[in-house]
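Residue numbers (my numbering): 131 to 564. Notes follow the structure.
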Ligand code: UGA
């Protein structure tokens, strides 16, 4: 395969992974960003993201001369056959996706892309964006294609190079084939669609996953009432090949930079169109209730007095990032629960393997320490909020000895209750018998 000249605009999770992986497939890639300091660091292979394999892949690409970084996109656009848009589309007014960054890039590069070029949207964008970008571009010699990205934080490189599927959509079938050819070396089924379907499928998948988790979390609450065990239920349900075993773990609610934003955006579009989306609305509302339910669970287990008040109660928190394997705090359910506990008056000390004391984004409500034993010292309970594997092998006897009350609330059902019980600790999980 002859490598193509590709520009990737935006060096966040999606852009950097896309750029580094396309370079590893043999393409000549320039990754651009507006942040000059980030560009400088990236070109030295210094990556802020906690992403296995990505820094090495960036360094290899740069060393092989297949990957470069640039501040601004205009110059590189003039030499590129394909431009991937990987800029953020954050939650804007009323939950709708904010497309200003995407539109700014099109304004910047629109006249520069060579004749016969392709503009490929990887950013998650609402239905109709391809058509809107084509109008903004105002050129019939440049194709517009939607190629949504399904990678997960923490396994971004693997997900890019070994995806379950590649979705490519455009109303111009020839443009679809040209984008498919870029992925020729990736062993994955390619789903070819029209523009609208490709744009919608990313929302469809993320919202389905979110709804599934809300269902599991609601089921966990039901289990607590019924004396059933959610672990048994999900093990049995997951054996049904129509359901499958993944994405069935209960927790403090779903979060991160994608699921909440995409759920809000799809709901907003559906409500604006007058059809609504009751199942999705219920999933979102249920997710908010799940966070509140975790706070009540902590209060019941660790609060003081008959009212189980958390005022002045010291708690140790294990984990703050939105999931294990990432240093990302964006829309973290763990952080939301921590803040809600602080609002109830709890005095919080937390530790997280990906965060150092003083890490930005944690806020003044939570004291961050480097190790779990310090977080536990003198606390009226430990609350596990993020499922870091290392939390499984803590010295529970030592923790039991340093806690003021021997209670662990495990909002992820991550720990082994039998191990904790043997260490003299009371374990409280989600949807499981105490
Ligand atoms: C999600 C999707 O999984 C990706 O396919 C998608 O590409 C990405 O969003 C995106 O739109 O860019 P990510 O945000 O990295 O990926 O996180 P997930 O691994 O999907 O987890 C989302 C949330 O669900 C986290 O809060 C996680 O803790 C929670 N979760 C996940 C559970 O509570 N239980 C589970 O069984 C699985």
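A virtual CB, placed ideally from N, CA and C, is assigned to each residue, including glycine.
Is it true that the CB of residue 273 sits closer than 7 Å to the CB of residue 302? If you check the CB distance, residue 302 and residue 273 come in under 7 Å.
Between residue 347 and residue 558, what straight-line distance do the alpha-carbon atoms span, to the nearest angstrom? Their backbone Cα atoms lie some 15 Å apart in a straight line.
Tell me which same chain residues have a C-beta within less than 6 Å of the C-beta of residue 449, skipping the five on either side of it? Within the same chain, Cβ atoms closer than 6 Å to the Cβ of residue 449 are found at 464, 482, 515, 516 and 518, the five residues on either side in sequence being excluded.
Over the uninterrupted alpha helix (DSSP H) stretch that includes residue 176, give me the two end residues. Careful: residue 176 lies outside any alpha helix (DSSP H) and carries neither H nor E.
Per DSSP, residue 296 forms a beta bridge with which residues? DSSP, once it has assigned bridges, lists 320 as partnering residue 296.
Proximity winner among 152, 392 and 361, relative to residue 133 (alpha-carbon distances): When the alpha-carbon of residue 133 is set against those of 152, 392 and 361, the nearest one is in 152.
Starting from residue 337, follow the alpha helix (DSSP H) in both directions and report where the run begins and ends. Where residue 337 is concerned, the enclosing alpha helix (DSSP H) stretches over 325-356.
With H, G and I counted as helix, E and B as strand and the rest as coil, what does DSSP make of residue 523? DSSP, reduced to helix, strand and coil, places residue 523 within a helical segment of the structure shown.
Between residue 378 and residue 241, what straight-line distance do the alpha-carbon atoms span, to the nearest angstrom? Using only the alpha carbons, I get a separation of about 47 Å.
Less than 6 Å separating the Cβ of residue 283 from some heavy atom of the ligand UGA? At least one heavy atom of the ligand UGA sits closer than 6 Å to the Cβ of residue 283.
Taking C-alpha atoms, which residue in 154, 553, 545 and 429 lies nearest to residue 290? Residue 290 has its Cα closest to that of 154, out of 154, 553, 545 and 429.
How would you label residue 284, buried or exposed, when you count the other beta carbons within 10 angstroms and need 16 or more for buried? Buried, because 16 or more other Cβ atoms sit within 10 Å of the Cβ of residue 284.
Which two residues bound the contiguous beta strand (DSSP E) that contains residue 136? DSSP places residue 136 in the uninterrupted beta strand (DSSP E) bounded by 135-139.
So who's on the other strand from residue 384, going by DSSP bridges? For residue 384, which the question treats as bridged, DSSP gives no partner whatsoever.
Anyone know if the C-beta pair for residue 532 and residue 553 falls short of 7 Å? No; because the gap between Cβ atoms is not below 7 Å, this pair is not in contact.
In whole angstroms, give me the CA-to-CA distance for residue 384 and residue 201. The straight-line gap from Cα to Cα measures roughly 34 Å.
Whose CA, out of 496, 366, 425 and 298, lies closest to the CA of residue 467? If we check each option's Cα against that of residue 467, 425 comes out closest.
Going by beta carbon distance, what residues of the same chain come within less than 6 Å of residue 300, once the five residues before and after it are set aside? If you ignore the 5 residues before and after residue 300, its C-beta comes within less than 6 Å of the C-beta of 275, 306 and 325, all in its own chain and listed in chain order.
The ligand UGA heavy atoms versus the CB of residue 295: any closer than 6 Å? Not one heavy atom of the ligand UGA is found less than 6 Å from the C-beta of residue 295.
Relative to the alpha-carbon of residue 219, which residue among 192, 520, 423 and 232 has its alpha-carbon at the smallest distance? Minimum Cα distance to residue 219 is reached at 232.
Same chain only: Cβ atoms within 8 Å of residue 522, ignoring 5 sequence neighbours per side: Close CB contacts of residue 522 within its chain, under the 8 Å cut and outside five residues either way in sequence, are with 544, 545 and 546 (chain order).
Kindly give me the distance between the Cβ atoms of residue 267 and residue 236, rounded to whole angstroms, as I take these residues to be in contact under 8 Å. Yes, they are in contact, since the Cβ atoms of residue 267 and residue 236 sit about 6 Å apart, within 8 Å.
Candidates 251, 550 and 510: which alpha carbon is nearest residue 526's? Each of 251, 550 and 510 was checked against the Cα of residue 526, and the nearest Cα belongs to 550.
Output the residue ranges of the alpha helix (DSSP H) runs that lie fully inside the segment 207-295 and measure 4 residues or longer, sorted by chain position. Counting only runs that start and end inside the segment 207-295, the alpha helix (DSSP H) elements of at least 4 residues fall at 230-239, 259-267 and 286-291.
To which residues of the same chain is residue 256 closer than 7 Å at the C-beta, ignoring the five residues directly before and after it? Its chain contains 227, 329, 395 and 399 as the residues whose beta carbon lies nearer than 7 Å to that of residue 256, once the 5 sequence neighbours on both sides are disregarded; these appear in chain order.
Nearest-angstrom beta carbon gap, residue 199 and residue 136 [assumed within contact, 8 Å]: Rounded to whole angstroms, the Cβ separation of residue 136 and residue 199 is 13 Å, and the two are not in contact under 8 Å.
Answer with buried or exposed for residue 405, where buried requires no fewer than 16 other C-beta atoms within 10 angstroms of its C-beta. With fewer than 16 Cβ atoms within 10 Å of its Cβ, residue 405 is classed as exposed.
How about residue 343: is its Cβ closer than 6 Å to a heavy atom in the ligand UGA? It does: the Cβ of residue 343 is within 6 Å (strictly closer) of some heavy atom of the ligand UGA.
Taking 6 Å as the cut-off, is the beta-carbon of residue 379 closer than that to any non-hydrogen atom of the ligand UGA? At least one heavy atom of the ligand UGA is nearer than 6 Å to the Cβ of residue 379, so yes.
Residue 286 versus residue 252: straight-line alpha-carbon distance, rounded: Taking C-alpha positions only, residue 286 is separated from residue 252 by approximately 14 Å.
Endpoints, alpha helix (DSSP H) assigned at residue 145: In the DSSP assignment, residue 145 falls within the unbroken alpha helix (DSSP H) covering 143-154.
DSSP bridge partner residues for residue 199 (one or two, in chain order): Under DSSP, the beta-bridge partners assigned to residue 199 are 161.
Is there at least one non-hydrogen atom of the ligand UGA closer than 6 Å to the beta-carbon of residue 453? Look at residue 453: its beta carbon is less than 6 Å from one of the heavy atoms in the ligand UGA.
Return the CA-CA distance between residue 138 and residue 148, expressed in angstroms with no decimal places. The straight-line gap from Cα to Cα measures roughly 7 Å.
Starting from residue 477, trace the beta strand (DSSP E) both ways and give me its first and last residue. Counting along the chain, the unbroken beta strand (DSSP E) around residue 477 starts and ends at 477-481.
Which parts of the segment 509-555 are runs of the beta strand (DSSP E), unbroken and 3 residues or longer, counting only runs that do not cross its ends? With a minimum length of 3 residues, the continuous beta strand (DSSP E) runs that stay inside the segment 509-555 are 512-514 and 537-540.
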